[in-house]
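These notes concern the structure reproduced below.
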Amino acid sequence: MIKTDVVIIGGGATGCGIARDLALRGVRHYLVEKGDFANGATGACHGLLHSGARYAVTDPEAAKECISENAILRMIARKCVETTGGLFVRLPGDSKRYRDTFLKNCEDAGISTEVLSASRALDLVPGLNPAIEEAVVVPDCSIDPFRLCMLNAFTSRHKGGGILTHHKVIDIIKERGRCAGVKVLDRFTSQIKEIRAKIIINATGAWGDTLARMSGSEAPMTLSKGSLIVSNHRLTNMVINRLRPPSDGDIIVPNEAVCLAGTTSIVVDDPDAAEVDPREVDLVATQAEQMIPAFGSTRLIRAYTGVRPLLKAEASDSRSISRGFRIIDHKNGMFSILGGKLSTYRLMAEKTVDAVMAEFGIKTRCKTAETPLDGQDELSGYPLSKRLKNMNDIVCECELVSRDQVENAINSLGIQYIGDIQHRTRLGMGPCQGGFCTYRALGIMQETGRLSPDESIQILKEFLQRRFRGIRPALWGDQLREEQLVESIYLGILNMGHAQ
Amino acid sequence: MSTHEYDAVVVGGGVSGIIACLKLNSRGFKTALISRGDPACCLSTGCIDVFSRTDSPLDGIRGLPPEHPYSLVGRKGVADALSYFLTVMDEAGLPYEGSPRKNRRILTPIGNQKTTCLVPKTMADADVPGSEHLQVISFKGLKDFYPSYITSRFRNSAFSVYDAGVATTLGIAALFDRAAFVDSFIDWLKRLEIPHDRVAIPAVLGMNDPAGVLEKVSRAIGKKVFEIPTLPPSIPGLRLFRALKRVLQNRGAHLYWGKGVASVESQGKRIEAVTLATTGRSARVQGRAFILATGSFVSGGLFASRDCVRETVFGLPVFVPGERKDWFNTDFFSDGHAIERSGIRVDRTFRPEDCRFENLFVCGSILAGCEIMRNQCGHGLAVATGTAAAGRCAEELS
Numbered sequence: 013m014i015k016t017d018v019v020i021i022g023g024g025a026t027g028c029g030i031a032r033d034l035a036l037r038g039v040r041h042y043l044v045e046k047g048d049f050a051n052g053a054t055g056a057c058h059g060l061l062h063s064g065a066r067y068a069v070t071d072p073e074a075a076k077e078c079i080s081e082n083a084i085l086r087m088i089a090r091k092c093v094e095t096t097g098g099l100f101v102r103l104p105g106d107s108k109r110y111r112d113t114f115l116k117n118c119e120d121a122g123i124s125t126e127v128l129s130a131s132r133a134l135d136l137v138p139g140l141n142p143a144i145e146e147a148v149v150v151p152d153c154s155i156d157p158f159r160l161c162m163l164n165a166f167t168s169r170h171k172g173g174g175i176l177t178h179h180k181v182i183d184i185i186k187e188r189g190r191c192a193g194v195k196v197l198d199r200f201t202s203q204i205k206e207i208r209a210k211i212i213i214n215a216t217g218a219w220g221d222t223l224a225r226m227s228g229s230e231a232p233m234t235l236s237k238g239s240l241i242v243s244n245h246r247l248t249n250m251v252i253n254r255l256r257p258p259s260d261g262d263i264i265v266p267n268e269a270v271c272l273a274g275t276t277s278i279v280v281d282d283p284d285a286a287e288v289d290p291r292e293v294d295l296v297a298t299q300a301e302q303m304i305p306a307f308g309s310t311r312l313i314r315a316y317t318g319v320r321p322l323l324k325a326e327a328s329d330s331r332s333i334s335r336g337f338r339i340i341d342h343k344n345g346m347f348s349i350l351g352g353k354l355s356t357y358r359l360m361a362e363k364t365v366d367a368v369m370a371e372f373g374i375k376t377r378c379k380t381a382e383t384p385l386d387g388q389d390e391l392s393g394y395p396l397s398k399r400l401k402n403m404n405d406i407v408c409e410c411e412l413v414s415r416d417q418v419e420n421a422i423n424s425l426g427i428q429y430i431g432d433i434q435h436r437t438r439l440g441m442g443p444c445q446g447g448f449c450t451y452r453a454l455g456i457m458q459e460t461g462r463l464s465p466d467e468s469i470q471i472l473k474e475f476l477q478r479r480f481r482g483i484r485p486a487l488w489g490d491q492l493r494e495e496q497l498v499e500s501i502y503l504g505i506l507n508m509g510h511a512q
Numbered sequence: 002m003s004t005h006e007y008d009a010v011v012v013g014g015g016v017s018g019i020i021a022c023l024k025l026n027s028r029g030f031k032t033a034l035i036s037r038g039d040p041a042c043c044l045s046t047g048c049i050d051v052f053s054r055t056d057s058p059l060d061g062i063r064g065l066p067p068e069h070p071y072s073l074v075g076r077k078g079v080a081d082a083l084s085y086f087l088t089v090m091d092e093a094g095l096p097y098e099g100s101p102r103k104n105r106r107i108l109t110p111i112g113n114q115k116t117t118c119l120v121p122k123t124m125a126d127a128d129v130p131g132s133e134h135l136q137v138i139s140f141k142g143l144k145d146f147y148p149s150y151i152t153s154r155f156r157n158s159a160f161s162v163y164d165a166g167v168a169t170t171l172g173i174a175a176l177f178d179r180a181a182f183v184d185s186f187i188d189w190l191k192r193l194e195i196p197h198d199r200v201a202i203p204a205v206l207g208m209n210d211p212a213g214v215l216e217k218v219s220r221a222i223g224k225k226v227f228e229i230p231t232l233p234p235s236i237p238g239l240r241l242f243r244a245l246k247r248v249l250q251n252r253g254a255h256l257y258w259g260k261g262v263a264s265v266e267s268q269g270k271r272i273e274a275v276t277l278a279t280t281g282r283s284a285r286v287q288g289r290a291f292i293l294a295t296g297s298f299v300s301g302g303l304f305a306s307r308d309c310v311r312e313t314v315f316g317l318p319v320f321v322p323g324e325r326k327d328w329f330n331t332d333f334f335s336d337g338h339a340i341e342r343s344g345i346r347v348d349r350t351f352r353p354e355d356c357r358f359e360n361l362f363v364c365g366s367i368l369a370g371c372e373i374m375r376n377q378c379g380h381g382l383a384v385a386t387g388t389a390a391a392g393r394c395a396e397e398l399s
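Structure follows, in structure tokens:
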């Protein structure tokens, strides 16, 4: 049995941010996450660090939060943020009145803007639709959500916090009507562990209500899925937004070697059952094509969907900090943090920890806004300069991941899951989506004794199934060719089909 | 622009196109073959899958629907085409074994068995009974071959790793083309004093004479030896392609390699000529009849856009099952996705349906309804339909 002060459930940006905040305030804590970091909405979003301009007209409070957090994150999370800048482009037919309101509201919120003529905007982003009327520059950035979680968790780990990924909460321990801890299942060893704590923080995003109900309370939310597509090329170096009221398919974000375009917004019931509909792919692709015409002819490598944990519109709570997020004190030892967005994860963590500290009756100041994230140099991402150093034994040709890197992930990080290797090395993130290299990485895991050959084949099958879910909605053109080649390998050469 | 005249022009340099070209050539027609590049066959196991869902392929194809290309060829036609293939491969110096009356099994790199029909000599002993003891040989650094997958499936087995100094299948195969390398490999094998009955080696035993290398190794250690086909690029697939191409060249057919078709000239119901996309002076290839053998999606014969599928050379009408959302099942491992049925529908003479051209014939995986993944019938279908389309084309020419 483990004893601590606070248990955080959920390893998304919010949960990891809370862990870091607690660590910096010297509070003992454990974080449990059923998958890897960024398993839910954090890992399935745009990777956009909002300037706030997107919300300037519809939600000025959220816009102010965004621009303030934007400035903080640029400072404390340098290695996670790419300061791309963003453009809001106005296409023929988009309202000029909206543009005027937009500029005024940005100014009110403290978001800097600069209006560019079409030709100046095309100088900045040559791939833009040449028919645009004008564009507005805003301080949008691209952010790596996975690395952000890792780095927040890094601080927590180094200050004595416990981080348990791949541990699923199966029960909330209750004593005299109060939450006294959690029972978690270690998904690798199937062992059940008990963690005792004074406070439980429910930072499970779309799964928030499920967790709250386990404690005998509830956390009403509206779940909305948003689907995105990934292009095989980086078609723009700046974030591109459509200058019109927020709607489907109005954002394109560059990320490493690719671009992400999204999103849709469709209410769903079960976060585990949300899938991309091919019609959403068509919708987003068509909209993206209007801003950057090459989106129409570029190979898409996959599509994915994330479930936004939105606040229920009618419920108004006194602790509500803004329309963006809300902290619920369930009065039973559990606090839930609901709503919000990646860009404001730090603020959400701060306010949640403030509430917990008030419960403990301790006064400590939050330090997360002025302290840069630790470990940024160790986990500095995937620069090509590093990759080109060892070209001898490349396991993943798309993303230039060497055998050394894979072995290092397995041996020094003690990784048990293929997905964890992929997140940490970018193995399998390229155009073939792991069609070739996953088989190899599993072969290496098997050779290092991490997996038995049978386990390795089983994991390969699960991976192929998961991979196909992401690729299937966007299968045409060259990606369809690639898919049939991958099929011929696994179902043909390796004979892994059902008939086998 | 230069013009070249032929009786028959085949577009597509895979198994079906080359077989069709050979057939026409052997009947005395002046033939040419146009190919954009090396075919998808180079990515295959090199084995000829004919129909893997039943013990006997010839019996099995009896149950296929009438629109399946095998049904159009007929069982006798399929059997004759496959024996023709065996003769051609003997001539090419890459002998194959097997009969369309009975399937056989080979070993895969993950240690399970795969059903196929005709196999290169180097895989003749690949059907290992579970009771037998097996020694697996691997090569240092080979990234697509993990011998423990295989040894874990056989009770009494072991593996040893040879350091060839290079780590790619192509690199190692090139070494096996040298006698001195083969000798030192054999010395190493002898020193292992293998107690097992059979020895399995990933398919790298040379490009030129794999059967010869295999026999030499097998005789030196006194064991049965066989190859395991690996992931692309596959050495047995490359050997098959190169052997077929070599025969075609030796027979004097004209090859336009590395060139795609830029435009098509037609008059009324006949295709007159195609113009090749070349960097230099463009060439006009004129024919009395044409055969389309450009393959399916992987090879580029078909191309899918967001809402339709087109045939990329002649713009023929393509049969497509349903809308895009219906093309693929949700289960990756399911028994064939609907998209596999898409392609060019042909009549009994292998002429495309709903098409005005009378001197055009179609063969290979671009044909509608073949369901290659579901039936595991890739190269067998290529050989059978290549032969059949060439036969109909010859009738047209005479």
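Line by line, the protein sequences are chains U and X.
Each residue of the first sequence is one higher than the one before, counting from 13 in our numbering.
Each residue of the second sequence is one higher than the one before, counting from 2 in our numbering.
Glycine included, each C-beta is placed from N, C-alpha and C at the ideal position.
Residues near residue i by beta carbon distance below 6 Å, same chain, minus five either side
i, result
"residue 414/U", "402, 405, 406"
"residue 386/U", "166, 167"
"residue 38/U", "none"
"residue 233/X", "44"
"residue 190/U", "344, 345"
Nearest-angstrom beta carbon gap, residue j and residue i [assumed within contact, 8 Å]
i, j, result
"residue 214/X", "residue 183/X", "6 Å"
"residue 343/X", "residue 362/X", "About 19 Å; that fails the 8 Å criterion."
"residue 236/U", "residue 320/U", "5 Å"
Listed by chain order, chain U residues near residue i by CB distance under 7 Å
i, result
"residue 111/X", "469, 506"
Start-to-end residues for the alpha helix (DSSP H) that takes in residue i
i, result
"residue 386/X", "379 to 398"
"residue 401/X", "Residue 401/X falls outside the range modelled here, since chain X spans only 2 to 399, and no answer is possible."
Chain-ordered chain U contacts of residue i [CB-CB under 9 Å]
i, result
"residue 44/X", "497, 500, 501, 505"
"residue 280/X", "Those within 9 Å of residue 280/X in chain U number zero; the least Cβ separation is about 23 Å."
"residue 115/X", "504, 505, 506, 507, 512"
"residue 233/X", "448, 497, 500, 501, 505"
Neighbour list for residue i in chain U, Cβ cutoff strictly below 8 Å
i, result
"residue 150/X", "455, 458, 465, 468, 469"
Proximal residues of chain X, C-beta to C-beta of residue i below 9 Å
i, result
"residue 487/U", "305, 325, 328, 329, 340"
"residue 407/U", "144"
"residue 294/U", "307, 308, 325"
Residues near residue i by beta carbon distance below 8 Å, same chain, minus five either side
i, result
"residue 322/U", "233, 234, 235, 236, 351"
"residue 338/X", "328, 329, 330, 374"
"residue 307/X", "325"
With 16 other Cβ atoms within 10 Å as the buried cut-off, status of residue i
i, result
"residue 171/X", "exposed"
"residue 327/U", "Its pLDDT being 43, under 50, residue 327/U is placed unreliably by the model, and the measurement read from it follows with that caveat. It counts as exposed."
"residue 44/U", "buried"
"residue 426/U", "exposed"
"residue 219/U", "buried"
"residue 162/U", "buried"
"residue 189/X", "exposed"
"residue 92/U", "buried"
"residue 182/U", "exposed"
"residue 290/X", "buried"
"residue 147/X", "buried"
"residue 170/U", "exposed"
Residues that residue i contacts on chain X, provided the C-beta gap is smaller than 8 Å
i, result
"residue 477/U", "332, 333, 334"
"residue 290/U", "325, 326"
"residue 484/U", "329, 331"
Within chain X, the residues that residue i reaches when beta carbons sit closer than 7 Å
i, result
"residue 307/U", "The premise fails here: residue 307/U is roughly 12 Å from chain X at the closest Cβ pair, so nothing lies under 7 Å."
"residue 492/U", "298, 305"
"residue 480/U", "333"
"residue 452/U", "144, 145"
Same chain, Cβ closer than 7 Å to residue i, five either side skipped, listed in chain order
i, result
"residue 398/X", "8, 9, 30, 289, 290"
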